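Comments concern the structure below.
Numbering (full-length UniProt numbering), first residue to last: 1 to 630.
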């Protein structure tokens, strides 16, 4: 509706302008026609006077001259009547134009009032729409808050279920670890008994070996003594019987030595075997002790975890119990209130028995609720045992994720370094762009100043032209008055007529030439003025459009620079903080896309600036040309 009213107002203004232009055009055309007719009549009179003078000189006929003078007087009267009719027509046209202008002014006022009303209605509609949108936004925010709170409640219930299942798992693992501990204790007792028996056997074998070594040493000493005795006996005794006896003794002693050596070798083999068994048993003992210590540490850890989980379970259980107690207390209070009301109203009316039945039903529902709560607690305990088994798997997954996370952090550090280098390049390019833009804005301001100066000069020229036109109009009026005064004189003597006719042609010819020159000059100046006004309007509109486009481009550049600064601050925070998973990352592809967009923007701004510079140059050349012409 506002748009239609604006269009109507614009149409009315254009109609007013067209009517004014038509009136001015008709006035100018009427004046020009009158002046042309007068000039034509004057030329005809001059020609006839010249002919009359020629005729006078030839045959001096007075009747012809009188007829010519009468014809000229008739023609002058006809011209005067035409001028009067034209003036009357001009008056009527002016009156009609004034009436039309008054009607159009009234229409414009009515349309302006309608426009104001429409604007007010539009503003009221906008305000209503804004209030409705605000209420809708508030409702959406409340819905979102409600959904978030419901999600938090669900998460809390899920966490409680998870903790209960973890507790059950930990208890199950603790029972298994206790069983394994008892089995290991039994195995350790068996191994210790075996060790004791092996140590006793080892001690006995050591004692026997030591005794055998001592006996071997004694036998060796005896052998050496016998050999010495044999040598002494061989030297001292030469009897064969003694030698035979000594040889027999030697063979017996050698046989005993061989037997002792065999026994010693067997004992050494047994000793080595027992020593190897002892080493194996000692290693097994160390392994078992280490395993026992590991199991003890695990048991202690499990006990601490179980204590923590039991505390958490107790806290959750206490909270649930408090809630149930509160609910039961509230239910009990409601029951007591109902019973009191029943006691009061039993005397008055029998209808309150139904309410008592309802209260009993509520009691049954509360009992069922308590039963369901206990069943839920049992289910939570069973889930806790299953969740406890899940914890170990999650721990292993956590280790794998930690390794992957370390690799990703290394990659991210390299990417951040690359991105910082790209950002420094981008910042330098932005600085260069800002400098270019500042230079272009300065050149634009200079062009605007030149345009303002040229507009001032054009206004001065307009004033000069208006003054010249006024002077020309005055001269035209003076010429008309002189022509009117020339047409009024009556018939005079022949001698005077001839003298006047000889003087008038020169003055009339001079005045007509001046009038035509003035009119031609006026027409030329008006045409030049119209062309200049059209050119100036076009250049002003074009300059305004270019200024608006440059302002939009500067705003876009400023917003992009602000975004780049914001991204840098985000990156610094990301590098310092540990929680960089949740925040968004700027990749190399994103930075390349941003650089491409900025390059395209730069090219557009440069092209617009070049076009603006060309237009400003053309405007300056036109202004200089107009100044030279004027």
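We put the CB at the ideal spot given by N, CA and C, even for glycine.
Computed from a predicted structure; not experimentally measured.
Check                                                                                                                             : Outcome
Beta-carbon gap between residue 602 and residue 433 smaller than 8 Å                                                              : yes
Rounded distance between the beta-carbons of residue 177 and residue 302, thought under 8 Å                                       : 6 Å
Length of the line joining the Cα atoms of residue 417 and residue 424                                                            : 11 Å
CA nearest to the CA of residue 193, picked from 407, 551 and 282                                                                 : 282
Check whether residue 274 and residue 205 have beta carbons under 8 Å apart                                                       : yes
Rounded C-alpha distance that separates residue 200 from residue 265                                                              : 21 Å
Contact the stretch 169-189 vs the stretch 293-312: 3+ CB pairs below 8 Å                                                         : yes
Chain-order list of residues whose beta-carbon lies under 8 Å from that of residue 629 (same chain, five-residue window excluded) : 528
Short Cβ contact (8 Å threshold) for residue 443 with residue 613                                                                 : yes
Proximity of residue 163 and residue 316 at Cβ, strictly below 8 Å                                                                : yes
Under 8 Å between C-beta atoms of residue 263 and residue 212                                                                     : yes
Test item: CB-CB of residue 267 and residue 209 under 8 Å                                                                         : yes
Residue 362 versus residue 330: straight-line alpha-carbon distance, rounded                                                      : 12 Å
Among 184, 453 and 392, nearest to residue 169 - alpha-carbon criterion                                                           : 392
Buried versus exposed, by CB contacts within 10 Å (16 or more), residue 106                                                       : exposed
C-alpha distance - residue 616 paired with residue 439, whole-angstrom precision                                                  : 15 Å
Cβ pair residue 196, residue 295 closer than 8 Å                                                                                  : no
Residue burial classification, residue 451 (beta-carbon count within 10 angstroms, cutoff 16)                                     : buried
CB contact flag (residue 191, residue 286, <8 Å)                                                                                  : no
Local conformation of residue 376 per DSSP, three classes                                                                         : helix
Residue burial classification, residue 289 (beta-carbon count within 10 angstroms, cutoff 16)                                     : exposed
Cα-Cα separation between residue 126 and residue 115, rounded to whole angstroms                                                  : 16 Å
Distance between residue 453 and residue 627 (C-alpha atoms, nearest Å)                                                           : 12 Å
Residue nearest to residue 469 in terms of C-alpha spacing, selected from 459, 523 and 483                                        : 523
Nearest-angstrom Cα separation, counted from residue 606 out to residue 618                                                       : 18 Å
Which of helix, strand or coil DSSP assigns to residue 31                                                                         : Caution is warranted here: a pLDDT of 47 is assigned to residue 31, below 50, making its placement in the model unreliable, and no coordinate value can be reported.
Supposed close pair residue 400, residue 291 - CB separation, criterion 8 Å                                                       : About 27 Å; that fails the 8 Å criterion.
Proximity below 8 Å, CB of residue 396 to CB of residue 277                                                                       : no
Short Cβ contact (8 Å threshold) for residue 549 with residue 608                                                                 : yes
Helix, strand or coil at residue 626 [DSSP, three-state]                                                                          : helix
Coil, strand or helix - residue 56 by DSSP                                                                                        : At residue 56 the pLDDT is 45, less than 50, meaning the model places this residue with poor confidence and gives no usable figure here.
Closest Cα partner of residue 534 within the set 307, 150 and 622                                                                 : 622
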